[in-house]
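Q: With UniProt numbering, letter number 285 in the sequence shown gets 285, and the count goes up by one each step, no holes.
From the three backbone atoms N, C-alpha and C, an ideal C-beta is built for every residue, glycine too.
Note that the coordinates shown come from a computational prediction; the quantities given were computed from them, not determined experimentally.
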Amino acid sequence: MLPFGVHRRLSALQQTLHANAASVISNDRVLDIPELDFEEFMIDLDCTGDLLLCAHSDACLRMYQLGRLAPEAKAIRLAKFRNSVDGLAYPLCLQWFPNDNKRFMTSDVKERLNIWDTASFVTASSFPIGGDAFTISICPVSGQENLVAGISHPVVWDLRRTERPAKQLFLQRPKKPLEDWDEEPLQVERVIGGKFTSDGRRFIVMYDSRRIAAWAFPTMTLKLQRCMHRGIQPMKYEAAVRIEIFEEPCFLKSLLIYPVLGSVGIFSFEKMKVVTFHSIRESYVQSCILRRKFNQLLTYSYECTCISDLGTSVLSKIH
1 MLPFGVHRRL SALQQTLHAN AASVISNDRV LDIPELDFEE FMIDLDCTGD
51 LLLCAHSDAC LRMYQLGRLA PEAKAIRLAK FRNSVDGLAY PLCLQWFPND
101 NKRFMTSDVK ERLNIWDTAS FVTASSFPIG GDAFTISICP VSGQENLVAG
151 ISHPVVWDLR RTERPAKQLF LQRPKKPLED WDEEPLQVER VIGGKFTSDG
201 RRFIVMYDSR RIAAWAFPTM TLKLQRCMHR GIQPMKYEAA VRIEIFEEPC
251 FLKSLLIYPV LGSVGIFSFE KMKVVTFHSI RESYVQSCIL RRKFNQLLTY
301 SYECTCISDL GTSVLSKIH
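As structure tokens, this is what we get:
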């Protein structure tokens, strides 16, 4: 057994290698799964990298077992979204719990959050949230703090006390004008993606204007806001996207990976700018999901869902 200090350094090195691999994305292969609903964020990969959840345009929720070596997807569970007295409770987004695959969560058009049991593939509990939630992120440390990205602002819910939200998070207009701060009112920006870091200490949000923001947890204080849209197309549409974070032991060395039309963009928190783009087979990528244990990136669009390999990078291209 390795001494604690050696094990910690090896773990940090492994994280660094994963982050450095972001500069090469190649060999994308199409998964054989039915067409997804392009309008909403309807796909997520569990913590093992083996189980893929998809909500399809036929109003069915499916679970797939992914192949470890080949791009194969075998359907192993299916559930039809149930009807309520006022219509079909169709979901808006879904999210696995971060540290186990026994539960996952969906939001729906009836303005509810639903917790599902994976074994029975039925809803175990649900509660109203008073609005649409287009992305969900669950704190990987507590497992109880759930951050919902609504239309305008992220909202924090505590799953132990669901009668009201814990806090709503707002951007702030700086006291002094910033170089990257445009004149567009904040009220017109829409939340399109959000994700906790693996240590649960930060929550990263992306807006349709290509602005990103970071809040510290559990204090829920705003630590960063930055506009990314110079040189790239702002995303003025209602659909949500899935963003990912290549994390380093020092967070400022981390990278944000996100979809941009037919490519994947990489943003450096150290340089505070977009450092590179990678073309993907799909014409309009909507979601990026890391399959960490296999050093792969899963992307999906209206046309197809692909798995791409992350190659070894040249460090100077990113840092």
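(1) For residue 264, count neighbouring C-beta atoms within 10 Å of its own C-beta (all shown protein chains included) and say buried if the count is 16 or more, exposed if not.
(2) Can you grab the Cα-Cα spacing for the pair residue 102 / residue 115, in whole Å?
(3) Less than 8 Å between C-beta atoms, sequence neighbours within five positions excluded: which residues of the same chain meet that for residue 202?
(4) Quick check: residue 133 and residue 159, are their CB atoms within less than 8 Å of each other?
(5) Within its chain, find whatever has a CB closer than 6 Å to the CB of residue 44; leave out the 5 residues flanking it on each side and keep chain order.
(6) Let me confirm a value: residue 30 is counted as buried when at least 16 other C-beta atoms fall within 10 Å, else exposed. Which label applies?
(7) Report the residue from 152, 171, 266, 148 whose alpha carbon sits nearest the alpha carbon of residue 165.
(8) Looking at C-alpha atoms only, which residue of 287, 280, 259 is the closest neighbour of residue 274?
(9) Among 267, 240, 261, which has the Cα closest to the Cα of residue 247?
(10) State the start and end residues of the unbroken beta strand (DSSP E) segment that holds residue 80.
(11) Going by beta-carbon coordinates alone, are residue 220 and residue 156 separated by less than 8 Å?
(12) Since residue 32 and residue 73 should fall inside the 8 Å C-beta cutoff, what is the C-beta to C-beta distance between them, to a whole number of angstroms?
(13) Cβ atoms of residue 254 and residue 191: under 8 Å apart, would you say?
(14) So what's residue 223 in DSSP terms, helix, strand or just coil?
(15) Considering only residues of the same chain and omitting the five flanking positions on each side of residue 288, which have a CB-CB separation below 7 Å?
(16) Could you tell me the distance, in whole angstroms, from the CA atom of residue 261 to the CA atom of residue 302?
(17) If you reduce the DSSP assignment to three classes, tell me which class residue 110 lands in.
(18) Our contact map puts residue 276 next to residue 193 with C-beta atoms below 8 Å; I'd like the distance itself, whole angstroms only.
(19) According to DSSP, which residues form a beta bridge with residue 277?
(20) Determine the extent of the beta strand (DSSP E) in which residue 123 is found, giving its start and end residues.
(21) With a 10 Å radius around its C-beta and 16 neighbouring C-beta atoms as the bar for buried, classify residue 205 as buried or exposed.
(22) Just list the residues that DSSP pairs residue 131 with in beta bridges.
(23) Sorted by chain position, which residues of the same chain lie with C-beta nearer than 6 Å to residue 123's C-beta, five sequence neighbours on each side aside?
(24) Excluding the 5 residues preceding and the 5 following residue 77 in the sequence, name in chain order all residues of the same chain whose CB lies nearer than 6 Å to its CB.
(25) Residues in the same chain with beta-carbon distance under 6 Å from residue 126, minus the five sequence neighbours each way, listed in chain order, please.
(26) Specify, as a first and last residue, the run of the beta strand (DSSP E) that residue 305 falls within.
A: In short, the structure shows the following:
(1) buried
(2) 10 Å
(3) 196, 214, 215, 216, 217, 223, 251
(4) no
(5) 53, 94, 95, 96
(6) exposed
(7) 148
(8) 259
(9) 267
(10) 73-80
(11) yes
(12) 6 Å
(13) no
(14) strand
(15) 242, 243, 244, 257, 258, 259, 264, 297, 299
(16) 12 Å
(17) coil
(18) Residue 276 to residue 193, Cβ: 19 Å. No contact.
(19) 265
(20) 122-128
(21) buried
(22) The partner list for residue 131 (beta bridge, DSSP) is empty, contrary to what the question assumes.
(23) 114, 116
(24) 63, 121
(25) 112, 114
(26) 305-310
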